[in-house]
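*Asks:* Residue numbering for the sequence shown follows our numbering, starting at 89 and increasing by one per position. All C-beta atoms, glycine included, are put in the ideal place defined by N, C-alpha and C. Submitted below is the structure of interest, expressed as structure tokens.
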Amino acid sequence: MQPRIPRQSAQEQDCRHPDAPADAATLSDELAAVVSGARRRATRDGDRQIDTAHLLHSLLEHDPDVYAVFGEGPQIARLLGYLVQRTIGYGLRWQGTVEDSGAVPVVMHGEGFSPLAASAMEQACRRAAERGDPQARGVDLLASIVVDPQARAVEVLARAGIDADTVRTRIDEHRDEYVAGGEAAR
89 MQPRIPRQSA
99 QEQDCRHPDA
109 PADAATLSDE
119 LAAVVSGARR
129 RATRDGDRQI
139 DTAHLLHSLL
149 EHDPDVYAVF
159 GEGPQIARLL
169 GYLVQRTIGY
179 GLRWQGTVED
189 SGAVPVVMHG
199 EGFSPLAASA
209 MEQACRRAAE
219 RGDPQARGVD
229 LLASIVVDPQ
239 ARAVEVLARA
249 GIDADTVRTR
259 IDEHRDEYVA
269 GGEAAR
């Protein structure tokens, strides 16, 4: 049986647009592992595309800097609970639908990703390039995921009692710490 989501190597998981300059940011090894984890999760869930909730779940599992954004406490436990429950009820209404709010331009080269997830991947690379980092990190992707209020990840955050704007603010306030943490892990 063929997987519904195309498999991609780490090089193919490059988040740059084909017309992007050669010095545009690429995925860090850690972020490539996040994408692979999200791909496995989407396949296991029976979804046709990786969406922002798959990416959020994989970020929390694989990136300690992203986990640190949320801190300890009941909110992170609720968030993980909602993400785990996705395949057993919560989120089943998403199966067979495309995650696209219409608020962001559709990204055509993001094969295997929902339009919002593909856009978030590109935005993560732009964020990294803007700060002069050649590689996008998990916090770049998290910041890009929580931008669109129609994203599935934002819906999951809201159900867990976590405000997406607060997450974005926390990332921006502690940006240097998260980036330094990611660079230290290399």
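Within a Cβ cutoff of 6 Å, which residues of the same chain sit near ALA241, ignoring the five residues on either side of it in sequence?
*Replies:* Hits under 6 Å: THR140, ALA141, LEU144 and ILE233.
*Asks:* Can you say whether ASP260 is buried or exposed, counting buried as having 16 or more other CB atoms within 10 angstroms of its CB?
*Replies:* Under this definition ASP260 is an exposed residue.
*Asks:* As a quick exercise: from ARG128, ARG132, ALA224 and ILE250, pick the residue whose alpha carbon is nearest that of GLU118.
*Replies:* Taking only the C-alpha atoms, the option nearest GLU118 is ALA224.
*Asks:* Would the segment 147-161 and the segment 122-136 be scored as touching if the rule is three or more Cβ pairs under 8 Å?
*Replies:* The segment 147-161, when compared against the segment 122-136, does touch it at the 8 Å Cβ threshold.
*Asks:* Answer with buried or exposed for GLU210, where buried requires no fewer than 16 other C-beta atoms within 10 angstroms of its C-beta.
*Replies:* Counting Cβ neighbours within 10 Å, GLU210 comes out buried, since at least 16 surround it.
*Asks:* Rounded to whole angstroms, what's the CA-CA distance from SER116 to ASP228? Just pull it up for me.
*Replies:* Rounded to the nearest angstrom, the two C-alpha atoms are 11 Å apart.
*Asks:* Report buried or exposed for VAL154, applying the criterion of at least 16 other Cβ atoms within 10 angstroms of its Cβ.
*Replies:* VAL154 comes out buried.
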